[in-house]
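These notes are about the structure you will find just below.
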Amino acid sequence: MTTTMVNPTYPTQINPDLASIDWAHVLHLFQKINWKHRVATEIESAFKLSTHTLFIYHEEVIIAFGRVVGDGRYYAMLADVVVDPDYQGQGLGKYIVTTLNNQLDNYHFVNLSAAPGADDFYKGMGWKKQTTAFIWPQGPKQLRQHCEKD
Ligand SMILES: CC(C)(COP(=O)(O)OP(=O)(O)OC[C@H]1O[C@@H](n2cnc3c(N)ncnc32)[C@H](O)[C@@H]1OP(=O)(O)O)[C@@H](O)C(=O)NCCC(=O)NCCS
Numbered sequence: 001m002t003t004t005m006v007n008p009t010y011p012t013q014i015n016p017d018l019a020s021i022d023w024a025h026v027l028h029l030f031q032k033i034n035w036k037h038r039v040a041t042e043i044e045s046a047f048k049l050s051t052h053t054l055f056i057y058h059e060e061v062i063i064a065f066g067r068v069v070g071d072g073r074y075y076a077m078l079a080d081v082v083v084d085p086d087y088q089g090q091g092l093g094k095y096i097v098t099t100l101n102n103q104l105d106n107y108h109f110v111n112l113s114a115a116p117g118a119d120d121f122y123k124g125m126g127w128k129k130q131t132t133a134f135i136w137p138q139g140p141k142q143l144r145q146h147c148e149k150d
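Right, dumping it as structure tokens:
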């Protein structure tokens with residue numbers, strides 16, 4: 001179900017019709033925050049396979065977004081929480097995470113994989129480090145950035 005709501009400053013859409021999304025601009029925002037390995041068509045299909053999507057607009061241009069990959073009941077994972085650097089520091093990241101998380105009351109497990117440097121962003125909202133999480137690193141960069149030293 002699509003919901004349109006207004007956060008204190010900018011219009012927000014939860015689960016919009018994804019045909020309305022400017023994926024080239026979404027790719028541009030990924031590149032702007034230096035997540036450069038994304039491909040517009042693959043981003044679109046990943047969002048379409050997500051259970052929840054959220055987009056924030058300023059004058060009809062996307063300035064922030066986030067999504068959840070879930071199975072409807074047991075496991076949900078927040079992903080791609082991104083705020084245009086020109087709009088960071090205004091509470092939009094916190095708003096995205098809180099709003100998505102509020103959709104997930106029904107789930108047994110809600111988790112996420114923080115980007116390097118974002119630990120305190122999540123801790124500040126009450127998220128806890130998951131001591132039991134494991135990752136199968138998809139290359140040396142993930143091994144370096146996301147894994148404990150053996
Ligand atoms: C991380 C990100 C989403 C934060 O968005 P934002 O809109 O600037 O964050 P907010 O303004 O909502 O900040 C909320 C709080 O977190 C703090 N915060 C924001 N980014 C932080 C960071 N990287 N580390 C620690 N604290 C951070 C803010 O100071 C603020 O604290 P306050 O509530 O005490 O005032 C944004 O910087 C971003 O898109 N970064 C690139 C992508 C990324 O790393 N995504 C998240 C990891 S998956």
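In terms of the UniProt record's numbering, the sequence shown opens at residue 1 and continues consecutively. Even glycine gets a Cβ: it sits at the ideal position worked out from N, Cα and C. These figures come from a predicted structure and were not determined experimentally.
Item, Value
"Would you list the residues sitting across from residue 152 in a DSSP beta bridge?", "This structure leaves residue 152 out entirely; the chain is present only between 1 and 150."
"Three Cβ pairs or more, each shorter than 8 Å: is that satisfied between the region 17 to 24 and the region 68 to 78?", "no"
"Hey, would you say G93 sits closer than 9 Å to V81, going by beta carbons?", "yes"
"Using a threshold of 8 Å, is the CB atom of S50 nearer than that to any non-hydrogen atom of ligand 1?", "no"
"Express the C-alpha separation of P116 and Q130 in angstroms, rounding to a whole number.", "15 Å"
"Return the CA-CA distance between F55 and P16, expressed in angstroms with no decimal places.", "8 Å"
"Determine the direct distance from the alpha carbon of Y74 to that of N101, and round the result to whole angstroms.", "14 Å"
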